[in-house]
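Protein chains in written order, with our numbering: chain A, 22 to 280; chain B, 124 to 477.
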């Protein structure tokens with residue numbers, strides 16, 4: 022009998038610690054499928070964040086170097102500069118990427134570092150218990166914005182992906198979502214493209230993935246996916262923002278351009 | 124064949140690093156150490172290494188971490204306020220047991236302070252500086268030749284013990300020019316780097332991590348590190364003794380302060396006073412045994428630092444109250460001349476009726 026759906030070899034056969042409904046396990050699987058399909062297990066290095074996904078090394082069966090909170094892109098820079106033949110990617114949350122690590126992220130992108138960032142945006146600090154993140158939605162209640170995020174007090178959701186898309190060093194920038202199976206497939210395509218861009222030496226590549234955090238959003242897993250599609254995708258339009266490759270996904274794929 | 128050339132401290136540091144096989148330099152501008160990244164930006168291009176100016180000291184130390192995890196020799200340099208920013212990275216390097224060389228060209232502080240030579244960072248350097256239960260070898264050179272030799276040694280120590288190593292100098296050490304032998308890398312056997320990440324091709328995947336959530340496992344990691352630090356404390360202490368054999372008063376000073384003290388000792392000797400100098404070269408591990416050994420023959424220790432008194436604590440711990448231990452300091456970037464120290468020596472000589 023032909024197996025049509027199996028566990029990727031690069032994904033360790035262990036139960037994961039993520040909450041029911043969490044997007045990390047989906048994204049981990051997408052990455053591991055790609056590592057297998059692209060045959061890059063022997064070349065790929067992951068720099069996970071501080072946050073829920075710090076434990077990614079429990080699941081990824083390839084080389085992983087932990088980072089201090091927000092420093093992923095700096096560590097990836099040092100690694101890649103020392104070993105240009107490796108494929109180096111950071112896996113970062115919103116606080117890691119767009120608050121404490123903003124400088125490291127923007128400058129790595131601006132230098133055109135040949136690294137990839139997988140940026141998981143769930144609009145809260147997950148591991149620490151659901152505090153307000155730079156990407157928290159206007160009006161969204163969190164444990165440190167109990168009255169809802171107010172723009173005159175806490176400012177606006179930070180769209181770091183749009184900021185990075187403006188930088189000449191960034192060669193591929195896309196925002197995707199886990200809201201539906203079709204969008205999950207798009208997310209995988211985007212990650213593949215991002216790795217290919219790195220392997221071709223074109224520059225920095227970034228895939229933002231809108232992902233649910235039902236535990237800290239305090240909704241059911243099912244409702245979190247509805248919120249993701251109906252609310253978060255309004256604030257954070259999905260699509261390819263930049264593609265410096267010959268076959269531009271902005272024109273050819275199922276992605277629509279961000280409005 | 125070794126040849127003698129006139130070299131500035133910062134250039135000697137950079138050249139020694141390159142000849143020690145340093146593949147990557149990451150740093151951020153801050154006075155008084157800018158000549159190091161400037162030198163490295165020129166030379167790394169010539170030797171096919173990596174020079175990259177980071178967007179901050181924090182980024183630079185983490186670039187060093189990434190390069191070290193990939194298996195190459197890497198370094199960064201900075202000055203006091205910048206070293207404060209690097210402390211997070213130092214703690215991580217120690218926890219991950221990754222080798223790296225960090226240079227602190229100590230300037231006047233606290234705060235922004237000034238850019239004059241100072242020794243105010245002794246505590247920060249020798250007490251770890253970052254968070255958590257760790258130690259880090261710290262070398263304090265006192266001449267350009269020694270700066271050169273120690274830089275080479277620092278890379279070996281980093282690899283031998285899988286640890287960050289700090290070289291603690293100051294603007295004086297960086298700026299002076301002296302004739303030195305530009306020696307080739309000594310033949311030191313480095314254990315195979317079986318911990319590095321080079322892609323899990325044909326082998327199980329590897330993890331470089333410091334997150335250990337289980338307290339008993341974390342405790343075991345702490346004890347493992349402690350055993351390594353004990354080994355370093357046994358193997359690494361280095362010091363210089365100058366006219367200590369018959370000295371009734373022994374000055375203890377390191378780095379630039381030791382150079383000044385040496386001049387003062389020579390002056391005092393020419394006046395017939397039996398004075399000597401003990402100069403710690405490693406500040407951690409501290410040369411306790413050497414100090415205890417001198418304590419058996421000297422009557423008074425005088426610790427001289429370009430600070431309000433930090434190393435003096437370590438000296439007093441080593442001496443264990445067996446010999447009186449006085450202190451003289453000039454903080455804030457003031458660099459006294461040997462005559463000033465000679466006067467202090469003379470004062471104690473008379474006061475204590477040596």
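We treat Cβ as the ideally placed atom computed from N, Cα and C, and that holds for glycine.
So, residue 232 of chain A versus residue 141 of chain A, is the Cβ gap smaller than 9 Å? yes
For residue 274 of chain A and chain B, any beta-carbon pair shorter than 9 Å? At residue 274 of chain A the pLDDT is 47, less than 50, meaning the model places this residue with poor confidence; the figure from the coordinates comes in the next sentence. Not closer than 9 Å to any Cβ of chain B, the Cβ of residue 274 of chain A fails to qualify, so no.
Partners in chain A for residue 186 of chain B, counting only beta-carbon separations shorter than 8 Å: 95, 96, 98, 99 and 102
Since residue 181 of chain B meets chain A, which of its residues come closer than 9 Å, beta carbon to beta carbon? 89, 91, 92, 95, 124 and 125
Cα-Cα separation between residue 202 of chain B and residue 240 of chain A, rounded to whole angstroms: 50 Å
For residue 268 of chain B, the first and last residue of its enclosing alpha helix (DSSP H): 267–284
Could you work out which residues of chain A lie near residue 328 of chain B, taking near to mean beta carbons separated by less than 9 Å? 31, 33, 62, 78, 81, 82, 83, 84 and 85
Quick check on the DSSP output: the beta strand (DSSP E) that includes residue 229 of chain B runs from which residue to which? 223–229
Among A:216, A:33 and A:262, which has the Cα closest to the Cα of residue 59 of chain A? A:216
Contact between the segment 47–58 of chain A and the segment 283–297 of chain B (3+ Cβ pairs under 8 Å): no
Helix, strand or coil at residue 24 of chain A according to DSSP, with G and I counted as helix: coil
Only counting runs of 4 or more residues, tell me where the alpha helix (DSSP H) segments fall wholly within the segment 116–166 of chain A, in order along the chain. 123–131
Residue range of the unbroken beta strand (DSSP E) whose run includes residue 403 of chain B: 398–403
If contact means a Cβ-Cβ distance below 8 Å, which residues of the segment 161–182 of chain B contact chain A? 173, 175, 177, 178, 179, 181 and 182
Cβ shell of residue 381 of chain B (< 7 Å), same chain only, five flanking positions each side left out: 265, 400 and 402
Can you list the residues of chain A that residue 147 of chain B reaches, using a CB-CB cut of under 8 Å? 99, 102 and 103
So residue 150 of chain B and residue 193 of chain B are in contact, right, with Cβ under 8 Å, and what is the actual spacing, rounded? No, residue 150 of chain B and residue 193 of chain B are not in contact; Cβ-Cβ is about 18 Å, not under 8 Å.
Could you list which residues in chain A have their beta carbon closer than 7 Å to that of residue 332 of chain B, in chain order? 78 and 87
The alpha helix (DSSP H) enclosing residue 235 of chain A, as first and last residue numbers: 235–238
Count the CB pairs spanning the segment 264–280 of chain B and the segment 296–313 of chain B that are closer than 8 Å, and state whether there are at least three. yes
What distance in whole Å lies between the Cβ atoms of residue 328 of chain B and residue 313 of chain A, which are believed to be in contact at a cut-off of 8 Å? Absent from the structure is residue 313 of chain A, since the part of chain A shown begins at 22 and ends at 280.
How many Å lie between residue 370 of chain B and residue 249 of chain B at the Cα? 28 Å
With DSSP collapsed to three states, give me the class of residue 213 of chain B. helix
Are residue 158 of chain A and residue 262 of chain A touching if we call contact CB-CB under 9 Å? no
Residues of the segment 208–219 of chain B with Cβ closer than 8 Å to any Cβ of chain A, in chain order: 211, 212, 215 and 219
To which residues does DSSP link residue 175 of chain B through a beta bridge? B:149
Check the C-beta distance from residue 471 of chain B over to residue 425 of chain B and give it rounded, since I have them as a contact under 8 Å. 6 Å
Along chain A, in chain order, which residues have C-beta atoms closer than 7 Å to that of residue 193 of chain B? 100, 103 and 104
For a contact defined as C-beta to C-beta under 8 Å, what are the partners of residue 322 of chain B on chain A? 62, 63, 64, 65, 66, 83, 84 and 107
Name the residue from A:65, A:137, A:146 and A:76 whose alpha carbon lies nearest to the alpha carbon of residue 95 of chain A. A:137
What do you reckon, are the CB atoms on residue 181 of chain A and residue 249 of chain A nearer than 9 Å? no
Taking a cut of 7 Å between CB atoms, which residues from the segment 115–148 of chain A lie near chain B? 124, 125 and 128
Between residue 132 of chain A and residue 389 of chain B, what straight-line distance do the alpha-carbon atoms span, to the nearest angstrom? 54 Å
What number of angstroms, rounded off, separates the C-alpha of residue 142 of chain B from the C-alpha of residue 105 of chain A? 22 Å
Need the endpoints of the beta strand (DSSP E) that residue 191 of chain A sits in, please. 191–198
Sub-9 Å separation of residue 259 of chain B and residue 222 of chain B beta-carbons: no
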